[in-house]
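Written out below as structure tokens is the structure these notes cover.
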Amino acid sequence: CLHFSLKNNWSLDEDSTVTRLRKFVEESGRLLGFKRVLLVSGGGHAKTRSCEIINRLAETGGLSNGSAEIHCVYNPFFPDEKDRQDELRSLKRKLESGLCSGIWLQIGSDLDRLEDGLRQLREVEQSTGVSVDLFGSIFVPSKQLLAQQRFRPWRGVFLSDEYLHDVEAARRTTLGALRIFRDHGVVPLVESPVTNERQLAAAESLLAEGLGDEASGEGRLKRRQRTALEEPSATGDPKKAPRACA
Numbered sequence: 001c002l003h004f005s006l007k008n009n010w011s012l013d014e015d016s017t018v019t020r021l022r023k024f025v026e027e028s029g030r031l032l033g034f035k036r037v038l039l040v041s042g043g044g045h046a047k048t049r050s051c052e053i054i055n056r057l058a059e060t061g062g063l064s065n066g067s068a069e070i071h072c073v074y075n076p077f078f079p080d081e082k083d084r085q086d087e088l089r090s091l092k093r094k095l096e097s098g099l100c101s102g103i104w105l106q107i108g109s110d111l112d113r114l115e116d117g118l119r120q121l122r123e124v125e126q127s128t129g130v131s132v133d134l135f136g137s138i139f140v141p142s143k144q145l146l147a148q149q150r151f152r153p154w155r156g157v158f159l160s161d162e163y164l165h166d167v168e169a170a171r172r173t174t175l176g177a178l179r180i181f182r183d184h185g186v187v188p189l190v191e192s193p194v195t196n197e198r199q200l201a202a203a204e205s206l207l208a209e210g211l212g213d214e215a216s217g218e219g220r221l222k223r224r225q226r227t228a229l230e231e232p233s234a235t236g237d238p239k240k241a242p243r244a245c246a
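Start counting the sequence shown at 1; every next residue gets the next number (full-length UniProt numbering).
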């Protein structure tokens, strides 16, 4: 899945940005064979304009046949209630455009907010009449990964102190998230590096425990490399790649 960052691809005006997005999504599908493009805001003024951009794209002809699908990020983990409601309103407007085919859930450790966010997302689907594919990001907890998140946290990722300081606690939280994903039909995506047999075994074990029989079917384990999440042509500097979208 390619990423398109509005912040890094903002043009002179809204219409020029829409043209750039349309070209990227259409060529990603027709020429490169990608099925999905994840639209991320990148913060700043683009964060508040992402809804306008996708709706403007719909108003000006949408996408041609053979284009990749546009997917968007939804973050139900904001600590502040106002931010969560703003995120939900933004999600609704994107679905109303008719161009958002999938939602990618941000990583977080508050399982109550995850459950509530998915419930509200389903309500938005019902109110808009739009059904989307759902993907949920998880980490495979390790001492190294938790240390990295403590000292170099990803933007828009909200993890509790207990999660960040205790591998077993982080694992329990992840298993809880996987069970919620299973109950809501969310496809899990492993964000941690999976580059060797040991890491693959750890990911498979975690998914099998969290999903039960759902994890054993062919193709259920979906893995993405860190570098694949930070396509330079779409997001710019990988070290500064945004992790959340309005």
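Even for Gly, the Cβ is constructed at its ideal location relative to N, Cα and C.
Note that the coordinates shown come from a computational prediction; the quantities given were computed from them, not determined experimentally.
Cysteine 1 (DSSP reduced to helix, strand or coil): coil
For phenylalanine 158, the three-state DSSP class (helix, strand or coil): strand
Leucine 111 beta carbon less than 8 Å from that of residue 248: Coverage of the chain is limited to positions 1 through 246, which leaves residue 248 absent and any answer about it impossible.
C-beta atoms of asparagine 75 and glycine 156 nearer than 8 Å: For the 8 Å CB-CB criterion, asparagine 75 and glycine 156 form a contact.
Whether serine 101 touches valine 73 by CB criterion (8 Å): no
Other residues of its chain near glutamate 26: CB distance less than 7 Å, five sequence neighbours each side excluded: Leu63, Ser64, Ser67
Proline 79 classed as buried or exposed, judged by whether at least 16 other C-beta atoms fall within 10 angstroms: exposed
Isoleucine 107 - containing alpha helix (DSSP H), residue span: Segment: none, isoleucine 107 is in no alpha helix (DSSP H) and carries neither H nor E.
Length-filtered (4 minimum) alpha helix (DSSP H) runs lying within the stretch 76-161: 81-96, 111-128, 143-151
Beta-carbon spacing of leucine 164, glutamine 144 below 8 Å: no
Among Ser28, Arg36, Ser50, the one whose alpha carbon lies nearest that of valine 18: Ser50
Pick from Gly117, Ser97, Arg89 that is closest to glutamate 69, judged by C-alpha positions: Taking the Cα of glutamate 69 as reference, the smallest distance to any Cα among Gly117, Ser97, Arg89 is reached at Ser97.
Simplified DSSP state of valine 40, which is helix, strand or coil: The answer is strand: DSSP assigns valine 40 an E or B state.
Leucine 207 - DSSP class collapsed to helix/strand/coil: helix
Sub-8 Å separation of glycine 108 and phenylalanine 158 beta-carbons: It is a contact, given that the beta carbons lie within the stated cut-off.
C-alpha distance - serine 28 paired with arginine 22, whole-angstrom precision: Distance between the alpha carbons of serine 28 and arginine 22 is about 10 Å.
Member of Leu146, Pro141, Leu91, Gln106 whose CA lies at the smallest distance from the CA of glutamine 126: Leu91
With 16 other Cβ atoms within 10 Å as the buried cut-off, status of lysine 94: buried
Chain-order list of residues whose beta-carbon lies under 8 Å from that of glutamate 197 (same chain, five-residue window excluded): Within the same chain, no Cβ atom closer than 8 Å to the Cβ of glutamate 197 is found once the five residues on either side in sequence are excluded.
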